[in-house]
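Asker: I am attaching a structure below and will ask some questions about it afterwards.
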Amino acid sequence: MEEKTTNASSKPTLNFIEEIVEMDIKNGKNAGKVHTRFPPEPNGYLHIGHAKSICLNFGLADKYNGKCNLRFDDTNPIKEDVEYVDSIREDVKWLGFNWDGEYYASDYFDQLYAWALQLIKIGKAYVCDLTQEEMSTYRGSPTKPGTDSPYRNRSVEENLDLFERMKNGEFADGIRVLRARVDMASPNMHMRDPILYRILHTDHHRTGSKWCIYPMYDYAHGQCDSIEGITHSICTLEFEVHRPLYDWFIKELNIHAPQQIEFARLNISFTLMSKRKLLELVNEKYVSGWDDPRMPTICGIRRRGYTPEAIRNFADLIGVAKRDNVIDVALLEHCIREDLNKKAMRVMTVLNPLKVVIDNYPDIPEELDAINNPEDESAGSRKIPFSKVIYIERDDFMEVPSKKYFRLAPGTEVRLRYAYFVKCESFVKDENGEILEVHCSYDAASRGGNSPDGRKVKGTIHWVSAEHAIDVEVRLFERLFNAYNPEEYPEGGSYKDNLNPDSIKVINNCKAEPGLKDVSVLSSFQFERLGYFCADQDSTKDKMVFNRTVSLKDSWAKIEKKEEK
RNA sequence: UGUCCUGUGGUGUAAUUGGUAACACGUCUGAUUCUGGUUCAGAAGAGUUAAGGUUCGAGACCUUACAGGACAACCA
Numbered sequence: 000m001e002e003k004t005t006n007a008s009s010k011p012t013l014n015f016i017e018e019i020v021e022m023d024i025k026n027g028k029n030a031g032k033v034h035t036r037f038p039p040e041p042n043g044y045l046h047i048g049h050a051k052s053i054c055l056n057f058g059l060a061d062k063y064n065g066k067c068n069l070r071f072d073d074t075n076p077i078k079e080d081v082e083y084v085d086s087i088r089e090d091v092k093w094l095g096f097n098w099d100g101e102y103y104a105s106d107y108f109d110q111l112y113a114w115a116l117q118l119i120k121i122g123k124a125y126v127c128d129l130t131q132e133e134m135s136t137y138r139g140s141p142t143k144p145g146t147d148s149p150y151r152n153r154s155v156e157e158n159l160d161l162f163e164r165m166k167n168g169e170f171a172d173g174i175r176v177l178r179a180r181v182d183m184a185s186p187n188m189h190m191r192d193p194i195l196y197r198i199l200h201t202d203h204h205r206t207g208s209k210w211c212i213y214p215m216y217d218y219a220h221g222q223c224d225s226i227e228g229i230t231h232s233i234c235t236l237e238f239e240v241h242r243p244l245y246d247w248f249i250k251e252l253n254i255h256a257p258q259q260i261e262f263a264r265l266n267i268s269f270t271l272m273s274k275r276k277l278l279e280l281v282n283e284k285y286v287s288g289w290d291d292p293r294m295p296t297i298c299g300i301r302r303r304g305y306t307p308e309a310i311r312n313f314a315d316l317i318g319v320a321k322r323d324n325v326i327d328v329a330l331l332e333h334c335i336r337e338d339l340n341k342k343a344m345r346v347m348t349v350l351n352p353l354k355v356v357i358d359n360y361p362d363i364p365e366e367l368d369a370i371n372n373p374e375d376e377s378a379g380s381r382k383i384p385f386s387k388v389i390y391i392e393r394d395d396f397m398e399v400p401s402k403k404y405f406r407l408a409p410g411t412e413v414r415l416r417y418a419y420f421v422k423c424e425s426f427v428k429d430e431n432g433e434i435l436e437v438h439c440s441y442d443a444a445s446r447g448g449n450s451p452d453g454r455k456v457k458g459t460i461h462w463v464s465a466e467h468a469i470d471v472e473v474r475l476f477e478r479l480f481n482a483y484n485p486e487e488y489p490e491g492g493s494y495k496d497n498l499n500p501d502s503i504k505v506i507n508n509c510k511a512e513p514g515l516k517d518v519s520v521l522s523s524f525q526f527e528r529l530g531y532f533c534a535d536q537d538s539t540k541d542k543m544v545f546n547r548t549v550s551l552k553d554s555w556a557k558i559e560k561k562e563e564k
């Protein structure tokens, strides 16, 4: 009784998997141990959807003092590659997880083979010579039962002989397979004598040319789990129908029985989450690579400036359940904003420069103090140069301001962040009506950004000293998500056709304060209205390059809407 | 005309295991602010797919519908 009360008040609610795990612990199942695994196939890079699974598996092990393995499900050498193995390792590590054991399904090929022999011997597996087409006909359909293969009743000796010869490379690809002998009339298609082994004369990235027969997922996965002593084998919903088969092998082989638990995979609005499609984008050069910042891959997202903390927090917030879901991309963006707001160094940068001359400023350049991060005192401050000629954002000046505009306009006073109050006295236009420069007067007493007479200004704008500024190039990235917006592209065309040609916009001649190289994540007055920036770690250019991340919050649209009212 | 899974505000996840729906994101107000950010305060928004049933009482249990998803690769 007592226990119950404390539990209820102190524990946050459990998701359904945690409930199962806690029940198992309570019942002493598996001696109260928890052992999970993250089992990617090394046939592509990990994406944000995998992050959910990673956080889940490692999180569970963490929470219940258990272990979590990293296992590469490498049973199909045709699709797999060490490049992927390396990237997966790196991404899991970057997310902040350490695996207890690193294994490969291919580590167990000998054992799996031995078990196959065992199944043959007890009459639960047979070699089948049906062609692919024939087999598909014999299998029936979800609504029609299948028919037994003519090879289903071969003798144990013949099966043993044939299987060994398969292994020895006597047959070409596709000639024969080893099948389980289950039930061709089962309403579950996966139970209709599934294939255990197929012949593939292909070298494997780990076992080389040792094998020319390879186990199928269904035959390998559960047994690998069993060998590693996995207690809870967590996978996505589409494997739900495989579970009876998973259990069948374990039972026939009479080995340690892990419990398969399925959960709904992650979907994010406007986001492409299919490995196959992402692979196509990479192969067909729609993007620069798996780590293109528009990609929803872990490495792509990382280049955008996402932090592991933000992603882990996201995984935490979305929860775990069995119903299909589409998470609002705004939640992901909320997570990164929340994290970066605490950590990001703030730096002033001007995207679209407009020259401002402060006519009454004595032409003696000076340095002013600027706070690195208002949210974090320990981030300290820096000196930034100020001078008579500066650049401000073009958008921060309006010749004819609308009512709710409180930045610079003729006759109005604003604060230059960390510097002075300035008042617009006049401006110069060229023959096309384009504003060339703005002339201001400054209030020397407002040095640092406050006036001793206590008067307030409504607007604070950012700036950069013209003679000290460095040139930067800014790339604006649309989210890949926008390439996949069914509302924007309702009919026809594939996700590839829907890729926005403007999804990377390069802006040259941006001006930034000097000494930026020390900061990894940038934002400024202007930038924050749009989103965060991060220095592109992979840039080889001399010029500093900034990636603008997702448009985190489209404040402009809001402001404009308000001004319309 | 099959088997399995799932239906709770716009989105996602909860609801002490049967006691009359909570939290987060988003949206909208307002206040604060040297970032139109942040922060803070508040509001709107579901009566739980439907219809029956059990019960003093159902989002939870039962029945039947309906809707959505998964399954017929020598992929995972």
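Last residue of the first sequence: 564 (numbering that gives the first Met the number 0), numbering continuous. Idealized CB from N, CA, C, for every residue including glycine.
Considering His189, what are the terminal residues of the alpha helix (DSSP H) in which it resides?
Answerer: Start at 1 with the first residue of the first sequence, and residue 189 comes out as number 190. That residue, His189, is in no alpha helix (DSSP H); it is neither H nor E in DSSP.
Asker: Expressed to the nearest angstrom, what Euclidean distance is found between the alpha-carbon atoms of Glu169 and Tyr213?
Answerer: Reading the first sequence from its first residue, position 170 is the one you call residue 169. Reading the first sequence from its first residue, position 214 is the one you call residue 213. One C-alpha to the other measures close to 15 Å.
Asker: Can you give me the Cβ contacts of Ser440 inside the same chain, cut-off strictly under 8 Å, excluding the 5 residues immediately before and after it?
Answerer: Here residue 440 refers to the residue found at position 441 when the first sequence is read from its first residue. Ile357, Asp358, Asn359, Val421, Lys422 and Glu424.
Asker: Going by other Cβ atoms of all chains shown within 10 Å of its Cβ, with 16 needed for buried, is Arg191 buried or exposed?
Answerer: Your numbering for residue 191 matches position 192 in the first sequence. Buried, by the Cβ-count rule.
Asker: In whole angstroms, what separates the C-alpha of Asp202 from that of Gly27?
Answerer: Mapped onto the first sequence, residue 202 falls at position 203. Mapped onto the first sequence, residue 27 falls at position 28. One C-alpha to the other measures close to 44 Å.
Asker: Near Asp368, which residues of its chain fall below 6 Å by C-beta distance, leaving aside the five closest residues on each side in sequence?
Answerer: Here the question's residue 368 lines up with position 369 in the first sequence. If we look at Asp368 and ignore the five residues flanking it on each side, its Cβ neighbours are Ser380.
Asker: Do the CB positions of Thr306 and Asp338 come within less than 9 Å of each other?
Answerer: Counted from its first residue, the first sequence places residue 306 at position 307. Counted from its first residue, the first sequence places residue 338 at position 339. A contact, by the Cβ cut-off of 9 Å.
Asker: Shortest alpha-carbon distance to Val84 belongs to which of His49, Tyr44, Thr74 and Ala115?
Answerer: The residue labelled residue 84 in the question sits at position 85 within the first sequence. Here the closest residue by C-alpha is Tyr44.
Asker: Is the separation between the beta-carbon of Asp625 and that of Lys66 shorter than 9 Å?
Answerer: Missing from the structure shown is residue 625; the chain here goes from 0 to 564 and no further.
Asker: Tell me the DSSP bridge mates of Gln222?
Answerer: Counting from one through the first sequence, the residue named residue 222 turns up at place 223. Answer is none; Gln222 lacks a bridge partner.
Asker: Identify the residues that DSSP records as bridge partners of Phe385: which are they?
Answerer: One-based indexing of the first sequence puts residue 385 at position 386. Phe385 pairs with Glu365.
Asker: Are Asn266 and Gly48 touching if we call contact CB-CB under 9 Å?
Answerer: To locate residue 266, count along the first sequence from 1; it is residue 267. To locate residue 48, count along the first sequence from 1; it is residue 49. Cβ distance < 9 Å, so Asn266 and Gly48 count as in contact.
Asker: Would you say the segment 177-189 touches the segment 133-152, given that touching needs at least three Cβ pairs under 8 Å?
Answerer: Flag = yes, the segment 177-189 and the segment 133-152 touch.
Asker: Tell me whether the segment 260-275 and the segment 139-153 touch, counting them as touching only if at least three CB pairs, one residue from each stretch, are closer than 8 Å.
Answerer: Result no; under three Cβ-Cβ pairs closer than 8 Å.
Asker: Rounded to whole angstroms, what's the CA-CA distance from Ile119 to Leu331? Just pull it up for me.
Answerer: If you number the first sequence from 1, residue 119 lands on position 120. If you number the first sequence from 1, residue 331 lands on position 332. In a straight line, the C-alpha of Ile119 is about 50 Å away from that of Leu331.
Asker: Between Arg345, Pro361, Cys298 and Ala444, which lies nearest to Lys92 when the distance is taken from Cα to Cα?
Answerer: For the purposes of this step, residue 92 is taken as residue 93 along the first sequence, with counting starting at 1. Checking every option, the nearest Cα to that of Lys92 belongs to Cys298.
Asker: With a cut-off of 8 Å on the beta carbons, I'd call Glu412 and Val456 a contact; round off their distance for me.
Answerer: Indexing the first sequence from 1 puts residue 412 at position 413. Indexing the first sequence from 1 puts residue 456 at position 457. Yes, Glu412 and Val456 are in contact; Cβ-Cβ is about 5 Å, under 8 Å.
Asker: Within the continuous alpha helix (DSSP H) that includes Val155, where are the two ends?
Answerer: Here residue 155 refers to the residue found at position 156 of the first sequence. First-last of the alpha helix (DSSP H) with Val155: Val155 to Lys166.
Asker: To which residues of the same chain is Phe248 closer than 7 Å at the C-beta, ignoring the five residues directly before and after it?
Answerer: Counting from 1 along the first sequence, the entry for residue 248 is found at position 249. The answer, listed in chain order, is Tyr218, Gly221 and Gln222.
Asker: Write down the C-beta distance between Leu353 and Ile460 rounded to the nearest angstrom, noting that I regard them as a contact closer than 8 Å.
Answerer: For the purposes of this step, residue 353 is taken as residue 354 along the first sequence, with counting starting at 1. For the purposes of this step, residue 460 is taken as residue 461 along the first sequence, with counting starting at 1. Wrong, their Cβ atoms sit about 11 Å apart, outside the cutoff.
Asker: If you count every other CB in all the chains shown that lies within 10 Å of the CB of Glu436, and 16 or more means buried, which is it?
Answerer: Within the first sequence, the letter at position 437 stands for residue 436. Classification for Glu436: exposed.
Asker: Can you check DSSP and say which residues form a bridge with Phe262?
Answerer: Position 263 of the first sequence holds residue 262. Looking at the DSSP assignment, Phe262 forms a beta bridge with Thr235.
Asker: Which residues in the same chain have their Cβ closer than 6 Å to the Cβ of Ile310, if we skip the five residues on either side of it in sequence?
Answerer: By one-based count along the first sequence, residue 310 stands at place 311. If we look at Ile310 and ignore the five residues flanking it on each side, its Cβ neighbours are Ala50.
Asker: Measuring alpha carbon to alpha carbon, tell me which residue in Val319, Ala468, Ser450 and Cys334 is nearest Ser386.
Answerer: Numbered from 1 along the first sequence, position 387 holds the residue referred to as residue 386. The option with the nearest alpha carbon to Ser386 is Ala468.
Asker: How many angstroms separate the CA atom of Glu40 from the CA atom of Asn152?
Answerer: Sequence index remark: in the first sequence, residue 40 carries index 41 (1-based). Sequence index remark: in the first sequence, residue 152 carries index 153 (1-based). Approximately 34 Å between the Cα atoms of the pair.
Asker: Once you ignore the five residues that flank Met272 on each side, which residues in its own chain have a CB closer than 8 Å to its CB?
Answerer: Working through the first sequence from its first residue, we reach residue 272 at position 273. Cβ neighbours of Met272 beyond the five flanking positions: His46, Ile47, Gly48, Arg264, Leu265, Asn266 and Pro295.
Asker: Measuring CB to CB, does Arg301 end up less than 9 Å from Asp291?
Answerer: Working through the first sequence from its first residue, we reach residue 301 at position 302. Working through the first sequence from its first residue, we reach residue 291 at position 292. In this structure, Asp291 does not lie closer than 9 Å to Arg301 by Cβ.
Asker: Pull the bridge partners of Tyr390 from the DSSP assignment, please.
Answerer: Along the first sequence, read from residue 1 onward, the residue named residue 390 stands at position 391. Beta-bridge pairing links Tyr390 to Lys354 and Val463.
Asker: Measure the CB-CB distance between Arg138 and Met183 and report whether it falls below 9 Å.
Answerer: Taking the first residue of the first sequence as 1, we reach residue 138 at position 139. Taking the first residue of the first sequence as 1, we reach residue 183 at position 184. Yes, Cβ-Cβ distance for Arg138 and Met183 is below 9 Å.
Asker: Enumerated in chain order, which unbroken segments of the alpha helix (DSSP H) with a length of 4 residues or greater are wholly contained in the segment 93-181?
Answerer: Correct list: 108-120, 131-138 and 155-166.
Asker: Check this for me: beta carbons of Met215 and Ile233, under 9 Å apart or not?
Answerer: The residue given as residue 215 occupies position 216 in the first sequence. The residue given as residue 233 occupies position 234 in the first sequence. In this structure, Ile233 does not lie closer than 9 Å to Met215 by Cβ.
Asker: I'd like the list of long-range same chain contacts for Arg393, defined as Cβ closer than 6 Å, with 5 residues on each side in sequence excluded.
Answerer: For the purposes of this step, residue 393 is taken as the residue at position 394 of the first sequence. Hits under 6 Å: Asn351 and Leu353.
Asker: Using the beta-carbon count (16 or more within 10 Å), is Glu512 buried or exposed?
Answerer: As a position in the first sequence, residue 512 is number 513, starting the count at 1. Burial call: buried.
Asker: My understanding is that Ser268 touches Val355, with C-beta atoms under 8 Å, so please give their C-beta distance in whole angstroms.
Answerer: By one-based count along the first sequence, residue 268 stands at place 269. By one-based count along the first sequence, residue 355 stands at place 356. With a Cβ gap of about 41 Å, Ser268 and Val355 do not count as contacting.
Asker: Alpha carbon to alpha carbon, what distance is there between Ala378 and Val342?
Answerer: As a position in the first sequence, residue 342 is number 343, starting the count at 1. As a position in the first sequence, residue 378 is number 379, starting the count at 1. A small fix is needed here, since residue 342 is Lys in this sequence, not Val. Lys342 and Ala378: Cα-Cα distance of roughly 9 Å.
Asker: Identify which residue in Leu415, Leu161, Ala113 and Phe108 has its Cα closest to the Cα of Asn126.
Answerer: For the purposes of this step, residue 126 is taken as residue 127 along the first sequence, with counting starting at 1. Just to set this straight, residue 126 is Val in the shown sequence, not Asn. For the residues Leu415, Leu161, Ala113 and Phe108, the minimum Cα distance to Val126 belongs to Leu161.
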